[in-house]
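S.K.: Sharing a structure here in structure tokens format.
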Amino acid sequence: MAPVPALPPYAFEDKSGTIIGVVVFCLLWATFMVSLRLWTRWRIIKQVGIDDYACVSGLLMACGSGIAVAQMTEYGLGKHIYVVPPRNVPLYFRAFYVSIIMYSASLLAIKLTFLFQYYRSLAGQHMRVVYVFGVIIVGGWALSQVFVGIFLCYPIDGFWDSTIQATCITNVPLWYINAAGNIITDVAVFAFPFPVLWKLHLPRPQKLVLLGVFSLGFFTVIFSIIRIRYLKMFEDSPWENVDIALWSIGELTSALTCACLPTLRPLVVRHFPSLQWHAGQSPKGQRNVRWYANRQGSEERGVMDVESAACRTHNPRIRGDRSPPVRESDTELREYADSFDMHFVRISNDGKGS
Numbered sequence: 001m002a003p004v005p006a007l008p009p010y011a012f013e014d015k016s017g018t019i020i021g022v023v024v025f026c027l028l029w030a031t032f033m034v035s036l037r038l039w040t041r042w043r044i045i046k047q048v049g050i051d052d053y054a055c056v057s058g059l060l061m062a063c064g065s066g067i068a069v070a071q072m073t074e075y076g077l078g079k080h081i082y083v084v085p086p087r088n089v090p091l092y093f094r095a096f097y098v099s100i101i102m103y104s105a106s107l108l109a110i111k112l113t114f115l116f117q118y119y120r121s122l123a124g125q126h127m128r129v130v131y132v133f134g135v136i137i138v139g140g141w142a143l144s145q146v147f148v149g150i151f152l153c154y155p156i157d158g159f160w161d162s163t164i165q166a167t168c169i170t171n172v173p174l175w176y177i178n179a180a181g182n183i184i185t186d187v188a189v190f191a192f193p194f195p196v197l198w199k200l201h202l203p204r205p206q207k208l209v210l211l212g213v214f215s216l217g218f219f220t221v222i223f224s225i226i227r228i229r230y231l232k233m234f235e236d237s238p239w240e241n242v243d244i245a246l247w248s249i250g251e252l253t254s255a256l257t258c259a260c261l262p263t264l265r266p267l268v269v270r271h272f273p274s275l276q277w278h279a280g281q282s283p284k285g286q287r288n289v290r291w292y293a294n295r296q297g298s299e300e301r302g303v304m305d306v307e308s309a310a311c312r313t314h315n316p317r318i319r320g321d322r323s324p325p326v327r328e329s330d331t332e333l334r335e336y337a338d339s340f341d342m343h344f345v346r347i348s349n350d351g352k353g354s
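Residues 1 to 354 in UniProt numbering are what the sequence shown lists, from first letter to last.
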């Protein structure tokens, strides 16, 4: 009987605690952000849309992926292959399979969250066709990746059961195609609103703040690019796959955070009235600004009344309104008000919101 080879000195290293810690932190943070979004939309705006349901779906799928990754630590993830019992290998790959599907499904829901959000809040009549086209293309790509993840092997059990004769897709090329497609669609999704935002007739500081909030989505692209570095097959798979697993969870967390941030302005204004100037005051002087976002049937109308000489044009007053006149042609401002769902935010002369 051949002697059992001695294990290398590093064989008993263990990253499982780090994995669970990162997963728990990311999922708690994502849940916190989505909860703030839902609270704002439900309790303050009193209006929940399809984009909110998509965001919740994305969170649930991200939690599923994170739980699967945490479960993988029970079967060897974070340990060297030398100390992983052979009986754990099928269980390891079964949990890995679930994490792949949940990851792809979460990305699908998050991308649709952004696109539905744009359609609801930033879509002028000329942009609706563009956003619908984006939903079809981006959503179709993301959905295809979910199905590819499900049918990586046929029969499906062949992914984790090596005793089954199965036909499987070559993993590494597929991973690179998936990552490249996700990066391209991410860039497209995050770039969609910029033409509309850039045309808003707002003071430059306000416009830059608004563009900055929407630009945060590109951090998700950075996560996706970094993630590509770890897309390879390793001899010591349970140990080496830790990085790709954590970057994947980080990518989903970043995307959910960026999807929620633009919707939180009413919540911030309610609890931090001193920040209201970003919505309605010019740095050149104090202004009284009233925002109205009224929904009648399926149509939304936002009206912004600015008490300043610059907005006193010769256009007729809005019937039944005692506020200063608003430029009828300035549809971008009304869309901007509508986009941030200002139910009724008023900046009074003493700086206190009511």
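Glycine included, every Cβ here is placed at the ideal spot set by N, Cα and C. None of these values were measured; they are calculated from a predicted model.
1. What do you reckon, are the CB atoms on Leu115 and Tyr103 nearer than 8 angstroms?
2. Is the stretch 76-92 touching the stretch 235-249 in the sense that three or more CB pairs, one from each, lie closer than 8 angstroms?
3. Which residues in the same chain have their Cβ closer than 6 angstroms to the Cβ of Phe190, if we skip the five residues on either side of it in sequence?
4. Beta carbon of Ala68, beta carbon of Val98: below 8 angstroms?
5. Using the C-alpha atoms, what's the distance from Leu91 back to Trp160?
6. Counting only the same chain and skipping the five closest in sequence on each side, list residues whose C-beta sits under 8 angstroms from that of Val221.
7. How far does the alpha helix (DSSP H) with Pro205 in it reach, from first residue to last?
8. Hey, how far is the Cα of Leu267 from the Cα of Glu251?
9. Give me the residue from Ser57, Phe151, Leu174 with the minimum Cα distance to Thr167.
10. Pop quiz: Lys111 and Gly139 are said to be a contact at Cβ under 8 angstroms. What is the actual Cβ separation, rounded to whole angstroms?
11. The alpha helix (DSSP H) spanning Arg37 covers which residue range?
12. Which same chain residues end up closer than 7 angstroms to Tyr154 when comparing Cβ atoms and leaving out the 5 residues on each side of it in sequence?
13. Looking only at its own chain, which residues have a Cβ that is under 6 angstroms from the Cβ of Cys63, when we skip the five neighbours before and after it?
14. In whole angstroms, give me the CA-to-CA distance for Leu264 and Trp198.
15. Could you give the first and the last residue of the continuous alpha helix (DSSP H) run that contains Asn241?
16. Starting from the C-beta of Ala245, find all residues in its chain whose C-beta is less than 6 angstroms away, skip the five residues before and the five after it, and write them out in chain order.
17. Could you compute how far the alpha carbon of Asn171 sits from the alpha carbon of Val269?
18. Can you give me the C-alpha to C-alpha distance between Ser215 and Val209, rounded to a whole angstrom?
19. Which word fits Ser35, buried or exposed, when buried means at least 16 other C-beta atoms lie within 10 angstroms of its C-beta?
20. Give me the Cα-Cα distance between Leu38 and Cys260, rounded to the nearest whole angstrom.
21. With distance defined between alpha-carbon atoms, name the residue in Ser57, Ile50, Lys46 nearest to Arg120.
22. At the level of alpha carbons, what is the spacing between Ile136 and Thr113?
23. Rounded to whole angstroms, what is the Cα-Cα separation between Gln145 and Gly17?
24. Quick check: Ile249 and Val23, are their CB atoms within less than 8 angstroms of each other?
25. Output the residue ranges of the alpha helix (DSSP H) runs that lie fully inside the stretch 117-160 and measure 4 residues or longer, sorted by chain position.
26. Can you tell me whether Lys232 is helix, strand or coil according to DSSP?
27. In whole angstroms, give me the CA-to-CA distance for Gln125 and Tyr118.
28. Any chance you could list the alpha helix (DSSP H) runs of at least 4 consecutive residues sitting entirely within the stretch 35-81, in chain order?
29. Report the three-state DSSP secondary structure of Thr253 (helix, strand or coil).
30. Would you report the Cα separation of Val148 and Ser162, rounded to the nearest angstrom?
31. Note down the Cα distance separating Pro203 from Val213, rounded to an integer number of angstroms.
32. If we count the other Cβ atoms within 10 Å of its Cβ and call it buried at 16 or more, is Tyr10 buried or exposed?
33. Using DSSP with H/G/I as helix, E/B as strand and the rest coil, what is Thr220?
M.R.: The short version:
1. Contact: no.
2. Between the stretch 235-249 and the stretch 76-92 there are three or more C-beta pairs closer than 8 angstroms, enough to call the two in contact.
3. Counting only Cβ-Cβ distances below 6 angstroms, and skipping sequence neighbours, we find Gly217, Phe218.
4. Yes, these two residues count as a Cβ contact at 8 angstroms.
5. Their backbone Cα atoms lie some 7 angstroms apart in a straight line.
6. Counting only Cβ-Cβ distances below 8 angstroms, and skipping sequence neighbours, we find Ile183, Asp186, Val187, Phe190.
7. Taken as a continuous stretch (DSSP letters only), the alpha helix (DSSP H) holding Pro205 covers 204-215.
8. Straight-line measurement puts the Cα of Glu251 at about 25 angstroms from the Cα of Leu267.
9. Nearest to Thr167 by C-alpha distance, out of Ser57, Phe151, Leu174, is Phe151.
10. A Cβ-Cβ separation of about 7 angstroms places Lys111 in contact with Gly139 under the 8 angstroms criterion.
11. Annotation for Arg37: the continuous alpha helix (DSSP H) segment containing it runs 16-39.
12. By the criterion of a C-beta distance shorter than 7 angstroms, Tyr154 is surrounded in its chain by Ala166, Thr167, once the five residues flanking it on both sides are discounted.
13. Closer than 6 angstroms at Cβ, skipping near neighbours: Leu27.
14. Roughly 21 angstroms between the two C-alpha positions.
15. Per DSSP, Asn241 belongs to no alpha helix (DSSP H) and is neither H nor E.
16. Result list for Ala245: Val69, in chain order.
17. The straight-line gap separating the alpha-carbon atoms of Asn171 and Val269 is approximately 48 angstroms.
18. In this structure, the alpha-carbon of Ser215 lies about 10 angstroms from that of Val209.
19. Exposed, by the Cβ-count rule.
20. The straight-line gap from Cα to Cα measures roughly 9 angstroms.
21. Each of Ser57, Ile50, Lys46 was checked against the Cα of Arg120, and the nearest Cα belongs to Ile50.
22. Looking at the two C-alpha atoms, the distance is approximately 13 angstroms.
23. Using only the alpha carbons, I get a separation of about 30 angstroms.
24. Val23 sits close to Ile249, with the two beta carbons spaced by under 8 angstroms.
25. Counting only runs of 4 or more, we get 125-150.
26. It is coil, neither helix nor strand.
27. Cα to Cα, Gln125 sits roughly 12 angstroms from Tyr118.
28. List check, alpha helix (DSSP H) in window: 50-72.
29. Here Thr253 sits in helix by DSSP.
30. Distance between the alpha carbons of Val148 and Ser162 is about 20 angstroms.
31. In a straight line, the C-alpha of Pro203 is about 16 angstroms away from that of Val213.
32. Exposed is the call here.
33. Looking at Thr220 - three-state DSSP - the assignment turns out to be helix.
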